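A.B. asks: Chains as they are written, first to last, in our numbering: chain A, 37 to 198; chain B, 37 to 198; chain C, 37 to 198; chain D, 37 to 198.
Using N, Cα and C, we set each Cβ at its ideal position, and we do this for glycine too.
Bear in mind the structure is a predicted one, so any value in this text is a computation, not a measurement.
Number of protein chains: 4
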Amino acid sequence: MAVKILITGGTFDKVYDELKGQLYFSDSHIQEMLRLGRCRLDVNARTLMMIDSLEMTEGDRDLILHHCLKADEKMIVITHGTDTMVQTAAHLGPHIRDKTVVLTGALVPYAFGSSDGLFNLGSALSFVQALPPGVYIAMNGRYFSWNNVRKNRDTGVFEPAD
Amino acid sequence: MAVKILITGGTFDKVYDELKGQLYFSDSHIQEMLRLGRCRLDVNARTLMMIDSLEMTEGDRDLILHHCLKADEKMIVITHGTDTMVQTAAHLGPHIRDKTVVLTGALVPYAFGSSDGLFNLGSALSFVQALPPGVYIAMNGRYFSWNNVRKNRDTGVFEPAD
Amino acid sequence: MAVKILITGGTFDKVYDELKGQLYFSDSHIQEMLRLGRCRLDVNARTLMMIDSLEMTEGDRDLILHHCLKADEKMIVITHGTDTMVQTAAHLGPHIRDKTVVLTGALVPYAFGSSDGLFNLGSALSFVQALPPGVYIAMNGRYFSWNNVRKNRDTGVFEPAD
Amino acid sequence: MAVKILITGGTFDKVYDELKGQLYFSDSHIQEMLRLGRCRLDVNARTLMMIDSLEMTEGDRDLILHHCLKADEKMIVITHGTDTMVQTAAHLGPHIRDKTVVLTGALVPYAFGSSDGLFNLGSALSFVQALPPGVYIAMNGRYFSWNNVRKNRDTGVFEPAD
Numbered sequence: 037m038a039v040k041i042l043i044t045g046g047t048f049d050k051v052y053d054e055l056k057g058q059l060y061f062s063d064s065h066i067q068e069m070l071r072l073g074r075c076r077l078d079v080n081a082r083t084l085m086m087i088d089s090l091e092m093t094e095g096d097r098d099l100i101l102h103h104c105l106k107a108d109e110k111m112i113v114i115t116h117g118t119d120t121m122v123q124t125a126a127h128l129g130p131h132i133r134d135k136t137v138v139l140t141g142a143l144v145p146y147a148f149g150s151s152d153g154l155f156n157l158g159s160a161l162s163f164v165q166a167l168p169p170g171v172y173i174a175m176n177g178r179y180f181s182w183n184n185v186r187k188n189r190d191t192g193v194f195e196p197a198d
Numbered sequence: 037m038a039v040k041i042l043i044t045g046g047t048f049d050k051v052y053d054e055l056k057g058q059l060y061f062s063d064s065h066i067q068e069m070l071r072l073g074r075c076r077l078d079v080n081a082r083t084l085m086m087i088d089s090l091e092m093t094e095g096d097r098d099l100i101l102h103h104c105l106k107a108d109e110k111m112i113v114i115t116h117g118t119d120t121m122v123q124t125a126a127h128l129g130p131h132i133r134d135k136t137v138v139l140t141g142a143l144v145p146y147a148f149g150s151s152d153g154l155f156n157l158g159s160a161l162s163f164v165q166a167l168p169p170g171v172y173i174a175m176n177g178r179y180f181s182w183n184n185v186r187k188n189r190d191t192g193v194f195e196p197a198d
Numbered sequence: 037m038a039v040k041i042l043i044t045g046g047t048f049d050k051v052y053d054e055l056k057g058q059l060y061f062s063d064s065h066i067q068e069m070l071r072l073g074r075c076r077l078d079v080n081a082r083t084l085m086m087i088d089s090l091e092m093t094e095g096d097r098d099l100i101l102h103h104c105l106k107a108d109e110k111m112i113v114i115t116h117g118t119d120t121m122v123q124t125a126a127h128l129g130p131h132i133r134d135k136t137v138v139l140t141g142a143l144v145p146y147a148f149g150s151s152d153g154l155f156n157l158g159s160a161l162s163f164v165q166a167l168p169p170g171v172y173i174a175m176n177g178r179y180f181s182w183n184n185v186r187k188n189r190d191t192g193v194f195e196p197a198d
Numbered sequence: 037m038a039v040k041i042l043i044t045g046g047t048f049d050k051v052y053d054e055l056k057g058q059l060y061f062s063d064s065h066i067q068e069m070l071r072l073g074r075c076r077l078d079v080n081a082r083t084l085m086m087i088d089s090l091e092m093t094e095g096d097r098d099l100i101l102h103h104c105l106k107a108d109e110k111m112i113v114i115t116h117g118t119d120t121m122v123q124t125a126a127h128l129g130p131h132i133r134d135k136t137v138v139l140t141g142a143l144v145p146y147a148f149g150s151s152d153g154l155f156n157l158g159s160a161l162s163f164v165q166a167l168p169p170g171v172y173i174a175m176n177g178r179y180f181s182w183n184n185v186r187k188n189r190d191t192g193v194f195e196p197a198d
């Protein structure tokens, strides 16, 4: 019973460029985070892209959908920037029938001491094992169905859309 | 839909005494961890005891059971030392009918940079929302029913007992 | 025998804006860092500005010089962005006679786990107590006189200019 | 102009044994700390022992003295447990003529997020470059001559003995 992790970038994986003084994407921190969590799930991680979710195109979302559909695993976690996580969930939602897909991310880069990333990864990997098939977002310790969720721009918190 | 958190101590909450050079229990880190996880669940936390789980008595376990039974919440997370977490789960298991109870802990104190605590708390708070009524242990990114789990003393990893 | 700390901003004190996904300046971390270092020096800290050193003007440097000259303390540490730290040191150098002034900063924000900030602060506070009067830069575990130092743009490392 | 670092253990280098739930000594963290501090000093580090300073014998102190005397470097930093750091400094003090020796340590293990270790290492490496020959302790952001220092057992703070 393996879990697939599809990595797309987002704040999760931003690191600090010492020379330029800017945040940028390097390699994913997922393996390090799984080690820190002493995670013993059978996990297959694959990096699809490493981008800011504000730059994600429809073509990128088709690629994510394609990888969800062709995956052998019935449980899929997607790490994703929070800015357009809701759009990607809505892109996947109507097409996923027999798998549980959970999107998660972080408000603060994992490389910061104050990141919510490790908490969110533990949360997403748990929801994906226990929720029925469908597409969900796991943030703030909660889960939301793809067709009833929004990110509150003022607070940064995910909440039901209605 | 609130979640009850019952705090009993364990490695989770050990801190370092600078003067004596020893680990000891101070206040719980749960509130700080919930803040770090940007958790927006409705959580009621209560400290029942603050002890090493090797020192936990049957009376202590009766107290935990009592608080589970009388809680208004249908979802209960218990933070607990890993050494006797399996015994406490077995103590609760036969008596819990209509609630979901999830025990979790940490192999390394939260105050250490290398702790699995934040990952495990995210995991336990998610399983408790998504699993059917019963008593479970959430460790290593997985969940185990109270009547089929053991801690492997050689590796520190939780695994099915059979 | 007190030490004056003049705070001007720089990478040292950048934090992460969760809503905008950008680095910005908030309050200084100096007090927290002194607490972490269990520092028992008699320290008077004052924030003069909170800016990126690339935006520092001659007027800003005059202000820093003014505060160095009028300070009662004979030992002064200045936290400063690394990009123009050399220019500010050169601005102060010819005017400081009877005081020891040490500029320091960080390549990575203190809020990141991988920051060099705490090491550099410990270093600067020590050099300022032990070096003869003059203006110095303390970075990379070394100290440099204001008239023989440059920042290597390719490596981010401070080194003698000649 | 190289600096010798002699490693003897102490709280600095204690790590957490996940299986036994105890602190123990593993490898030294010095190299990792020098990397974090972006230290560019020419450093030669050598582990002499890896023990709690309460267990240090006169023979151990003779060994440390021997390594100080025979070292080619004129600057020597010794990492040491805080409990008997004063005794070791007193053991070395009368015999060191033409070198600067600085002992330092940590009240909290480096592996803890709240450690003073990185601050103290930056401090000791700076004092050793700037102080005249002699034997010193660098703790709490200050330095003390070997013949006028004590550790206050009630506060954990180093202070002048008289």
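1) Under 8 angstroms, CB to CB, which of the residues in the region 137–165 of chain B have a partner in chain D?
2) In this structure, does DSSP put Ile100/B in helix, strand or coil?
3) Pick from Gly129/C, Leu143/C, Val144/C: whose alpha carbon is nearest that of Val137/C?
4) Return the residue from the list Gln67/C, Arg97/C, Asp198/C, Val39/C that minimises the CA-CA distance to Met121/C.
5) Does the distance from the C-beta atom of Met111/A to that of Thr44/A stay below 9 angstroms?
6) Buried or exposed for Met92/A, please, with buried defined as at least 16 other CB atoms from any protein chain shown within 10 angstroms of its CB.
7) Beta-carbon separation of Val39/D and Val113/D under 9 angstroms?
8) For Leu90/B, which residues of its own chain have a beta-carbon under 6 angstroms away from its beta-carbon, when the five flanking residues on both sides are left out?
9) What residue range is occupied by the uninterrupted alpha helix (DSSP H) comprising Val144/A?
10) Can you name the residues of chain B whose CB is closer than 8 angstroms to the CB of Glu54/D?
11) Looking only at C-alpha atoms, which of Arg71/A, Phe48/A, Gly73/A, Tyr52/A sits nearest to Ser64/A?
12) Does the beta carbon of Gly45/A come closer than 9 angstroms to any beta carbon on chain C?
13) Do three or more CB pairs link the region 145–152 of chain D to the region 138–157 of chain B at distances below 8 angstroms?
14) Whole-angstrom Cβ separation of Gly177/A and Arg71/B, contact assumed at under 8 angstroms?
15) If I measure Cβ to Cβ from Lys135/B and keep anything under 8 angstroms in the same chain, skipping five residues before and after, which residues do I get?
16) Could you spell out where the alpha helix (DSSP H) holding Ala125/C opens and where it closes?
17) Gly57/B versus chain D: which residues are under 7 angstroms apart at the beta carbon?
18) Specify the secondary structure class of Lys106/C as computed by DSSP and reduced to three states.
19) Would Ser162/B be called buried (16 or more neighbouring beta carbons within 10 Å of its own) or exposed?
20) Please state if the CB of Ala174/A and the CB of Ala160/A are separated by a distance shorter than 9 angstroms.
21) Taking just the CA atoms, how far does Ile100/D sit from Leu42/D?
22) With 16 other CB atoms within 10 Å as the buried threshold, where does Thr115/A fall?
23) Going along chain B in order, which residues have a C-beta closer than 7 angstroms to the C-beta of Ala38/A?
24) Taking CB distances under 9 angstroms as the criterion, tell me whether Arg178/C reaches chain A.
25) I'd like to know whether the C-beta atoms of Ser62/A and Val51/A end up nearer to each other than 9 angstroms.
26) Please state whether DSSP places Ala81/D in a helix, a strand or coil.
27) Taking the alpha-carbon positions, what's the Ala142/A to Ile87/A distance?
28) Cβ of Ala160/B versus every heavy atom of the ligand FAD: is any distance shorter than 8 angstroms?
29) Looking at the C-beta of Asp96/D, does it have a partner C-beta in chain B at a distance below 9 angstroms?
30) Could you check whether the Cβ of Asp63/C sits closer than 9 angstroms to any Cβ belonging to chain E?
31) Buried or exposed: which applies to Glu94/C, given that a residue is buried once 16 or more other Cβ atoms fall within 10 Å of its Cβ?
32) Between Phe194/B and Leu59/D, what straight-line distance do the alpha-carbon atoms span, to the nearest angstrom?
33) When you compare each of His131/D, Ala125/D, Arg133/D to Leu139/D by their alpha carbons, which one comes out closest?
34) I want to see whether chain D comes within less than 9 angstroms of Arg133/B, judged by CB atoms only; does it?
35) Output, in chain order, the set of chain B residues within a Cβ distance shorter than 8 angstroms of Ala174/A.
36) Using a beta-carbon distance below 9 angstroms, is Arg76/C in contact with chain A?
C.D. replies: Let me spell this out:
1) Residues Leu143, Val144, Pro145, Ala147, Phe148, Gly149, Ser150.
2) DSSP places Ile100/B within a helical segment (H, G or I) once states are collapsed to three.
3) Taking only the C-alpha atoms, the option nearest Val137/C is Gly129/C.
4) In terms of CA proximity to Met121/C, Arg97/C leads the group Gln67/C, Arg97/C, Asp198/C, Val39/C.
5) No, these two residues do not count as a Cβ contact at 9 angstroms.
6) Counting C-beta atoms within 10 angstroms of its own C-beta, Met92/A has 16 or more neighbours from the protein chains shown and is therefore classed as buried.
7) The answer is yes: Cβ separation under 9 angstroms.
8) Here Leu90/B has Asp119 as same chain residues with Cβ atoms under 6 angstroms from its own Cβ, once five neighbours each way along the sequence are excluded.
9) Per DSSP, Val144/A belongs to no alpha helix (DSSP H) and is neither H nor E.
10) Neighbours of Glu54/D on chain B, chain order: Leu143, Val144, Gly192.
11) Nearest of Arg71/A, Phe48/A, Gly73/A, Tyr52/A to Ser64/A, Cα basis: Phe48/A.
12) So, not an interface residue.
13) Touching, per the Cβ criterion.
14) With 8 angstroms as the limit, Gly177/A and Arg71/B do not qualify as a contact, their Cβ atoms being about 11 angstroms apart.
15) Counting only residues of its own chain and dropping the five nearest sequence neighbours on each side, Lys135/B has a CB closer than 8 angstroms to the CB of Cys104, Ala107, Glu109, Lys110, Met111, Ile112, Pro169.
16) Per DSSP, Ala125/C is one residue of the alpha helix (DSSP H) stretching across 121–128.
17) Those are Thr47, listed as they occur along chain D.
18) Lys106/C carries a helical assignment under DSSP once its states are collapsed to helix, strand and coil.
19) Burial call: buried.
20) Cβ atoms of Ala160/A and Ala174/A: closer than 9 angstroms.
21) Roughly 8 angstroms separates the two Cα atoms.
22) With a 10 Å radius around the Cβ and a threshold of 16 neighbouring Cβ atoms, Thr115/A comes out buried.
23) Correct list: empty, because the minimum Cβ distance to chain B is about 12 angstroms.
24) Output row for Arg178/C: interface = no.
25) With respect to the 9 angstroms criterion, Ser62/A and Val51/A are classified as neighbours on the basis of their beta carbons.
26) Residue state, collapsed to three classes: strand.
27) Going by the C-alpha atoms only, they are around 14 angstroms apart.
28) Summarising the ligand content, the structure contains no ligands, and the ligand FAD is consequently not present.
29) Closer than 9 angstroms: no.
30) The structure shown has no chain E; the protein chains it does contain are A, B, C and D.
31) Exposed, by the Cβ-count rule.
32) Note on geometry: alpha-carbon atoms of Phe194/B and Leu59/D lie some 22 angstroms from one another.
33) Nearest to Leu139/D by C-alpha distance, out of His131/D, Ala125/D, Arg133/D, is Ala125/D.
34) Interface with chain D (9 angstroms Cβ-Cβ cutoff): Arg133/B is excluded.
35) Chain B residues near Ala174/A: Ser162.
36) No, Arg76/C lies away from the interface with chain A (no Cβ there is under 9 angstroms from its Cβ).
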